[in-house]
Structures are given as C-alpha cells and as structure tokens.
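In the numbering used here, the protein residues as written are 5 to 287.
What follows is a short report on a single structure.
Here's what the structure looks like:
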C-alpha cells in the first residue's frame, strides 16, 4: 500500500525578487512591446486623424453648402513602372485636381482627388464645403482622403494593444503562481538529468531537466530555464562539465505538481539570519 509522504514544516523561505519577476519573461517582453508600440502608434494616428481624415468625415456627415467652382489645374496621376496610373486602396485610379471658388465674397481654393480623366482644366464644378469653415471643401463626388483600415487607431488598439495586455496578464498570473509555489509549496529532492544552453536567447539561459517525487511519492519529470550567470546557473554549469549533479531542493504545488521550481539550499535558511561563509578553522 502506498503511504502518503507528509511534508515537513520548514522555516519561512527566502523569495528573491529578480528570479520571481524573470519568470516567463518572454511573455512580459512581448506584451510590453505590443502595448508600447501599439499605444504609441494609436496615439499618433489619433492625432493625425484631426487633419484630412477628419475633414472627409465631416463633409460626409454634413450639412454642406454647394457653390460653383472652376478647375484651375489637373495633376498627372502617379504611374506604375508599366506606365499605368497607380490605384488607390479602393482600386480606383485618381489624380489631384486644383480648383477655385467664391464663397461670401471670399476667393478660396482647394484640392481633391478625382478619377483619372474625369475633370480637365477650365471645367465648371460643384464644390461642397462646411459653411462655418469654408476651407474644409472638396469637389462634389471626389475624395480628400481615403481612410485605410490599418491606419485607424481603434484597429491598432484591438489588434496590438489588447493582445499585449493579455500577454502581460499571463505573465502576472505566472508570477503569482510561482510565488504561491515558493511560499506554500512542498519540498522535495530533485535530481538533475540534463542541462543544455538555450540558443539565440539573451540573457544566456540554461534549460534544466530534473526529476523529483511529489508528496505522494510519485516520480515527476520537469524542466525550466535558469539564467546562466545566476548562482544556481553557475553551479549547474560547473557541474555540467564534471558529469555529476548534486541533488537540489524542488518546491512543487500539492494539487498540481507540474507547478514546481528548483532552488538553492540557501533559499531555505531562516529569513532573519543571512547566510554566512563557513570558517574552515571551526570544528
């Protein structure tokens, strides 16, 4: 009959902040990168939306006043390498049209984009404008700006910032889960089975595989990354070259033993008594 292995009460454990915050650091890095870049891009696009995109929307919503105007100049469309006009994102070929008009004894001018060949110099046109801001105007049936989906601030918030926040929440959940294991986990003895460097990752990391028995004496296998230049990493790296690994304490969650962490023996010293070097002369 299998008997349950009872956990032995221990003194309060040392919880080092740096290893705790470094737990699942790729999630933190990717989440912070998405939130920062997505937030800054959304803010810049929000500020830019106060220019032509805003004028286009306001003219669409109205109310707009129609006045007579005259085409002064038509620019040649931008051509592709084969000589055909470049299409806008809505697959329509357009060219810039400059025009003048009179509104309340004011001689004003403007520029909008019409289909290629639709207007020519000297053509009479209808100009729609905002009566309180006549400098917001365009030729009726043309465009000031075509708003693209990838240039909308809301799309960046939804596609970049929100996933970044979810990654940060996952990192916070991982840190909290590790903290629970370090504070309340059961102690077992772990035997290192394999150590190898993690390639293409900075700071330098070691992937450590080890085995331990949980509180029911079931053999468990696990692994996690250890920073090479940490005290645990340096000890494992040195032992890797000797071919012999000393047993290390492993903390694991009682309900979910797959939540575990390998530590150093000094992490189990009493909190109020800092570790001291042993005097070789003492008996």
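Where is the CB? At the ideal position from N, CA and C, for every residue including glycine.
- Taking C-beta atoms as the reference points, residue 72 and residue 117 fail to come closer than 8 Å.
- Residue pairing of residue 109 in beta bridges, as defined by DSSP: absent, with no partner found.
- Spatial neighbours of residue 172 in its own chain (CB-CB distance under 8 Å, excluding positions within 5 residues in sequence) are listed in chain order as 31, 32, 35, 36, 39.
- If you draw a 10 Å sphere on the C-beta of residue 124, you find fewer than 16 other C-beta atoms in it, and that means exposed.
- Every unbroken stretch of the alpha helix (DSSP H) spanning 4 or more residues and falling wholly within the region 197-281 is given here in chain order: 235-246.
- Taking C-beta separations shorter than 6 Å and ignoring five residues to either side along the sequence, the partners of residue 243 in its chain run 249, following chain order.
- Here residue 48 is exposed. Its C-beta has fewer than 16 other C-beta atoms within 10 Å.
- The alpha-carbon of residue 59 is positioned some 21 Å away from that of residue 160.
- The criterion of a C-beta distance shorter than 8 Å is not satisfied by residue 232 and residue 268.
- As the crow flies, the alpha-carbon of residue 191 is around 10 Å from that of residue 216.
- Within the region 103-179, the runs of beta strand (DSSP E) at least 3 residues long that lie entirely inside it are, in chain order, 110-119, 128-134, 137-143.
- Beta bridge pairing from DSSP links residue 73 with 105, 129.
- Distance from the Cα of residue 205 is smallest, within the candidate group 29, 166, 137, for 29.
- Between residue 189 and residue 270, the C-beta gap is not smaller than 8 Å, which leaves the two residues out of contact.
- If you compare the alpha carbons of 257, 135, 156, 219 with that of residue 67, the shortest gap goes to 135.
- Excluding its 5 nearest sequence neighbours in each direction, residue 82 has C-beta neighbours in its own chain below 6 Å: 90, listed in chain order.
- When secondary structure is reduced to three states using DSSP, residue 82 falls in the coil class, being assigned neither helix nor strand.
- The Cβ-Cβ distance between residue 132 and residue 139 does not fall below 8 Å.
- In this structure, residue 185 lies away from residue 94, with their beta-carbon atoms at least 8 Å apart.
- Contact between residue 78 and residue 99 is confirmed by a C-beta separation of about 6 Å, below the 8 Å threshold.
- Beta bridge pairing from DSSP links residue 98 with 119.
- Each residue's CA atom was taken as its position, placing residue 156 and residue 176 some 30 Å apart.
- Taking 8 Å as the cut-off, the beta carbon of residue 222 is found no closer than this to the beta carbon of residue 212.
- A straight-line Cα-Cα distance of about 44 Å links residue 194 and residue 43.
- About 10 Å separates the beta carbon of residue 21 from that of residue 179, a gap too long to meet the 8 Å contact definition.
- Within its own chain, the residues whose Cβ lies closer than 8 Å to the Cβ of residue 120, once the five positions on either side in sequence are excluded, are 81, 89, 97, 98, 99, listed in chain order.
- For the 8 Å CB-CB criterion, residue 101 and residue 146 form a contact.
- When secondary structure is reduced to three states using DSSP, residue 67 falls in the coil class, being assigned neither helix nor strand.
- Contact check for residue 182 against residue 27 passes: the beta carbons are separated by less than 8 Å.
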